[in-house]
Amino acid sequence: MDMHDIAQIIGDYTGLSRKVLDYGETTKALVDASKQPGFDPARWNEMSAFLDVARFERVGNFKEVMDWPAYRDFLAGWAPTADWECSFKRVTEKGNLVLLELEERTTMGGVQNAVNSLSVYEFDDAGLIHHLDIYLQMPLPDPAMLAGYADVDITG
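First residue of the sequence shown: 17, per the working numbering; consecutive thereafter.
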């Protein structure tokens, strides 16, 4: 399967698939910007343009459940310590669901990790994301990679 940067393929998509790709590009821009001096963590609220923030729920890598404020705070704590990039594999849209397959690469504390991810985005009638499920294929992670989850309840 050929993999590309999202920026290379984003123009080929419309509808909810395009919104998901725009969401990913916004996430990448904020992750990168978070490392710059003077970055205001309130900028993570830019993500709310894609979300039904009142209903938003994210079920993450370890089945942890976060609403928008919890996810925003997680991103604000994780991003400055992580280098993150991804390559596009495939996107599938059916009704109000979009499935996005990526290869994601993260470096934290000098430890590199690559995973295959499948993110399932569920949209409401207004075209806003109200539910996000994350599924990963990966080797067992180095304990340093889990440090970003130190304050997250992953007990289900």
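Cβ coordinates follow ideal geometry from the N, Cα and C atoms, glycine included.
Measuring straight from C-alpha to C-alpha, what distance separates I150 and G54? Residue numbering aside, residue 150 sits at position 134 when the sequence shown is read from its first letter. Residue numbering aside, residue 54 sits at position 38 when the sequence shown is read from its first letter. Between I150 and G54, the C-alpha separation is close to 31 Å.
Measure the C-alpha to C-alpha separation of F104 and F66 and round it to an integer number of angstroms. By 1-based counting over the sequence shown, the position of residue 104 is 88. By 1-based counting over the sequence shown, the position of residue 66 is 50. Put simply, the backbone Cα of F104 is about 20 Å away from that of F66.
Residue from W100, K51, Q128, A45 whose Cα sits closest to the Cα of A160: As a first step, residue 160 must be located in the sequence shown, where it is residue number 144. Comparing Cα positions, the closest option is Q128.
S33: first and last residue of the uninterrupted beta strand (DSSP E) it sits in: Taking the sequence shown and counting its residues from 1, one reaches residue 33 at position 17. Annotation: S33 is outside any beta strand (DSSP E); the continuous alpha helix (DSSP H) that includes it extends over 31-49.
Does DSSP put M124 in a helix, in a strand, or in coil? Mapped onto the sequence shown, residue 124 falls at position 108. Correct three-state label for M124: strand.
At a threshold of 8 Å, does D48 count as lining the ligand SAH (C-beta to nearest heavy atom)? The ligand SAH is absent from the structure shown, which contains no ligand whatsoever.
Cβ neighbour criterion (16 or more within 10 Å) applied to A166: Taking the first residue of the sequence shown as position 1, residue 166 is located at position 150. Exposed, by the Cβ-count rule.
Given K79 as reference, the closest of S135, E62, P85 once Cα atoms are compared: Locating residue 79 in the sequence shown gives position 63, counting from the first residue. Residue S135 is the option with its Cα nearest to K79.
Looking at the structure shown, is F104 part of a helix, part of a strand, or coil, going by DSSP? The sequence position of residue 104 within the sequence shown is 88, counting from 1. DSSP places F104 in strand when its eight states are reduced to three.
Contact set for V69: own chain, Cβ-Cβ below 6 Å, skip 5 residues either direction: Residue numbering aside, residue 69 sits at position 53 when the sequence shown is read from its first letter. Excluding sequence neighbours, V69 sits near W84.
Residue interval of the beta strand (DSSP E) (run including D83): In the sequence shown, counting from the first residue as 1, residue 83 sits at position 67. From DSSP, the beta strand (DSSP E) with D83 extends over 81-83.
Leaving out the 5 sequence neighbours to the left and right, which residues in its chain are closer than 6 Å to C133 when beta-carbon positions are compared? Walking along the sequence shown from the start, residue 133 turns up at place 117. Before going on, a small fix: residue 133 reads as Ser here, not Cys. Around S133: L118, E120, L152.
Would you decide whether G40 is buried or exposed? Buried here means 16 or more other CB atoms lie within 10 Å of its CB. Mapped onto the sequence shown, residue 40 falls at position 24. Under this definition G40 is a buried residue.
Please confirm whether M88 and L148 have their CB atoms less than 9 Å apart. Position 72 of the sequence shown holds residue 88. Position 132 of the sequence shown holds residue 148. A small fix is needed here, since residue 88 is Arg in this sequence, not Met. Their beta carbons are not under 9 Å apart, which means R88 does not touch L148 by this criterion.
To which residues does DSSP link R74 through a beta bridge? In the sequence shown, the residue the question calls residue 74 occupies position 58. Paired residue(s): M82, L148.
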